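Taking it in order: structure first as structure tokens, then the write-up.
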Amino acid sequence: MATVSESIHIAQTLDGPVEQVAQPKAVVCAAPQLVAGSGLGLSAETESLLAERLRAAGLIIFVALGAFLVRRIFEIGSIDTRLEWVAFVLHAVVTAICGTIGLRLCMNCSKMVTHVRLTELLLFGSTAVYFVVLGYTFLLHGARNGFIAPISPMWIILIFTYSLLIPNSWQRAAVVNSCFAAMGFGTWLYVYQTCPFFQAMTAGNPEIRPGTVEVALILSIAATAATWGVYTIGRLRRQAFEARQLGQYRLKRLLGSGGMGEVYLAEHMMLKRPCAIKLIRPEKAGDQLAIERFEREVQLTAKLTHWNTVEIFDYGHAADGTFYYVMEYLPGLTMEQVVKMHGPMPASRAAFLLSQVCDALVEAHGESLVHRDVKPANIFVAHRGGVSDVAKLLDFGLVKPMTQNDNLDLTRDGTVTGSPLYLSPEQALGDTPDHRSDIYSLGAVAYFLLTGQPPFEGSTPMKILLAQANEQPIPPSELVDDVPADLEEIVLRCLQKDRNNRFADVQELGDAIRQCSAGDLWDRNQAKRWWKSNGCPDKKKLDDDVLNLVCV
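At position 179 of the sequence shown the residue is numbered 179 (full-length UniProt numbering), and the sequence of numbers has no breaks.
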């Protein structure tokens, strides 16, 4: 699917760190899933929400238990039995566990965020165990002093804290809440069966409340009410999600987001055709410049019909004023993802894909359009029509007509648009780009495919831009083996600082790539074999689900 381009504003970002730009981390392959309770597993969105709620629950329980622990410390002299000491120590341990979980989640601990369900079990499981010991202690102490200690309130609080804070299906909530209720009632029943004082007191005075039946009813009603609340909240959440509808398209899940907009997997309600919908970010809705850029992206991309350019199906405005357009859904991965997951490409495959991108740019430049943000993340290596390794040029959000007929304010002075890692020197210096700027960027993409790294890196965007404008790249053959000399010559010619020294146009560049020694060594059959044994398993499953229309 189409990714979202990220604009770099000099005043806002050029002095900031760009660790993820200069030194990209390994791609984490995780297919987005549906909302919780959909049957397709825990989604990335739900996982993030669960981590956030666990953080809140951990801190809430920590503060509550901590307050009672402080009080208990001041009364430590009144602890006179081994059981009370066990309860006190367990109180301190569980308080520490809850505080640690809350603090670590505040710090985005990767292990806890990755294993949120185990973290949930540790948080609520340890609290429940403490409540069992505490309830047992309360009941024994009360029985010996002639009263029945109420243990239901603590279990009711735990049941509703879990139900209100933790996103769940109602079935799972019912199981957990039933366990809490059973643990509370089991504690009561165990004391009733084993403590003579408790038996004598309840048997001798039936007016003493609460009794066994009352405790069972109270906890059962609490568990049932809380579970019903989870069901109601879940239903409303699903209805709200399904209500996110744009025209004839129903949004299914978030696929990605960036500085300009968000991309959702969607489905045409009548045709049942999967597609990708890009819409402007809500916080950008009031930005007239962003709106104009967004509309221009649609209008200009819609003019392009080449099969190596992402296809636009539709365009419209939502009732709330949100702008959106509908693109084809692309199974596969971006060039950036392929290289980050599997390392540099063979020269033959790189040439095969680059020649296709050249073909897409031939049409765009023929329409007097400059892309201005050609980069690995904006080129998809897709499967289309039973064919693998189909290059698709995405995200014309920064595209600009070479004939200046439209509003010049759409690219304001002082703004650098595009990724600095693949920006041409003239763009880095603030000069007006032309079709040869796209040639430079495509040369930088070729460099990345062959070596696994961009031509220039730096700790800030400013340093990268200065390198783009002034430094010479290290020849690819000095970084990796098996780079043909003629292909290296093509790449380095694309990366010339003076645009007049580059290829005259992308047609000439495409012809040079096809005529080089690696130009005809890769074909569709090799691509098919590669995809069969490589790629991202999660993304493959998502692609299969989408193309089989099982995205419910």
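For glycine and all other residues, C-beta sits at the position ideal for the given N, C-alpha and C.
Note that this is a predicted model, so its numbers are computed, not measured.
Identified DSSP bridge partners for residue i
i: Lys278; result: Val263 and Tyr325
i: Gln245; result: Arg250
i: Gly256; result: Val263
i: His317; result: Phe323
i: Gly332; result: Ala382
i: Ala391; result: Val381
i: Thr309; result: Leu393
i: His141; result: In the DSSP output, where bridge partners are listed per residue, His141 has none listed.
Span separating the alpha-carbon of residue i from that of residue j
i: Pro24; j: Glu262; result: Because Pro24 carries a pLDDT of 40, less than 50, the predicted location of this residue cannot be relied on, and the following value inherits that uncertainty. Their Cα atoms are separated by approximately 21 Å.
i: Met345; j: Asp486; result: 16 Å
i: Leu49; j: Leu103; result: 16 Å
i: Glu6; j: Lys375; result: With a pLDDT of only 37 at Glu6, under the threshold of 50, the placement of this residue in the model should not be trusted, and no figure is reported.
i: Pro476; j: Phe352; result: 18 Å
i: Val21; j: Ala174; result: Residue confidence is low: Val21 scores 41 on pLDDT, short of 50, so the model does not pin down where it sits. Its coordinate-derived value is still stated next. The alpha-carbon atoms of Val21 and Ala174 are separated by roughly 46 Å.
i: Cys494; j: Met107; result: 44 Å
i: Ala67; j: Ala57; result: 15 Å
i: Ile233; j: Ala444; result: 50 Å
i: His141; j: Trp228; result: 35 Å
i: Phe131; j: Leu69; result: 14 Å
i: Ala469; j: Ser355; result: 26 Å
i: Phe138; j: Ile156; result: 16 Å
i: Ile60; j: Ala182; result: 23 Å
i: residue 556; j: Ile312; result: This structure leaves residue 556 out entirely; the chain is present only between 1 and 552.
i: Asp314; j: Ser178; result: 49 Å
i: Thr322; j: Glu488; result: 45 Å
i: Ser533; j: Gly385; result: 20 Å
i: Ser257; j: Thr119; result: 28 Å
i: Trp530; j: Gln337; result: 15 Å
i: Ala128; j: Gln245; result: 42 Å
i: Val357; j: Tyr422; result: 15 Å
i: Ala504; j: Pro425; result: 17 Å
i: Asn407; j: Asn525; result: Unreliable placement is indicated for Asn407, whose pLDDT of 41 sits below 50; the coordinate value is still reported in the next sentence. Looking at the two C-alpha atoms, the distance is approximately 47 Å.
i: Asp498; j: Val381; result: 30 Å
i: Leu34; j: Asp395; result: Bear in mind that a pLDDT of 32 at Leu34, under 50, signals an unreliable position, so the number given afterwards is only what the model happens to contain. C-alpha separation (whole angstroms): 25 Å.
i: Ala30; j: Asn308; result: Note that Ala30 has pLDDT 39, beneath the 50 cutoff, so the model's placement of it is unreliable and no number is given.
i: Lys540; j: Asp523; result: 21 Å
i: Pro167; j: Glu267; result: 25 Å
Integer Cβ distance of residue i from residue j, believed to fall under 8 Å
i: Arg436; j: Arg372; result: Wrong, their Cβ atoms sit about 12 Å apart, outside the cutoff.
i: Pro331; j: Asp543; result: 4 Å
i: Val362; j: Gln507; result: 5 Å
i: Leu265; j: Leu255; result: 5 Å
i: Ile277; j: Val326; result: 5 Å
i: Thr95; j: Leu65; result: 4 Å
i: Cys536; j: Met341; result: 7 Å
i: Gly343; j: Gly452; result: 6 Å
i: Ala347; j: Leu450; result: 6 Å
i: Ala364; j: Leu304; result: 6 Å
Residue j beta carbon less than 7 Å from that of residue i
i: Ile159; j: Ala240; result: no
i: Ala518; j: Pro484; result: yes
i: Val491; j: Tyr447; result: yes
i: Pro473; j: Pro461; result: no
i: Arg53; j: Leu165; result: yes
i: Leu333; j: Ile439; result: no
i: Cys98; j: Ala143; result: no
i: Val230; j: Ser126; result: no
i: Ala428; j: Leu369; result: no
i: Ala360; j: His306; result: yes
i: Val480; j: Pro274; result: no
i: Arg172; j: Leu105; result: no
i: Leu236; j: Gly184; result: no
i: Tyr324; j: Leu279; result: yes
i: Trp85; j: Ile79; result: yes
i: Val116; j: Glu47; result: yes
Chain D within 7 Å of residue i, Cβ atoms only
i: Pro331; result: Note that chain D does not occur in the displayed structure, where there is just one protein chain.
Mind the definition here: the region 424–438 touches the region 375–391 only if three or more C-beta pairs lie below 8 Å; say whether that holds. no
Given 8 Å, three or more beta-carbon pairs between the region 294–302 and the region 246–258: no
Contact between the region 143–158 and the region 180–189 is defined here as three or more beta-carbon pairs at a separation below 8 Å; is this criterion met? yes
When the Cβ atoms of the region 91–99 are set against those of the region 115–133, are three or more pairs found closer than 8 Å? yes
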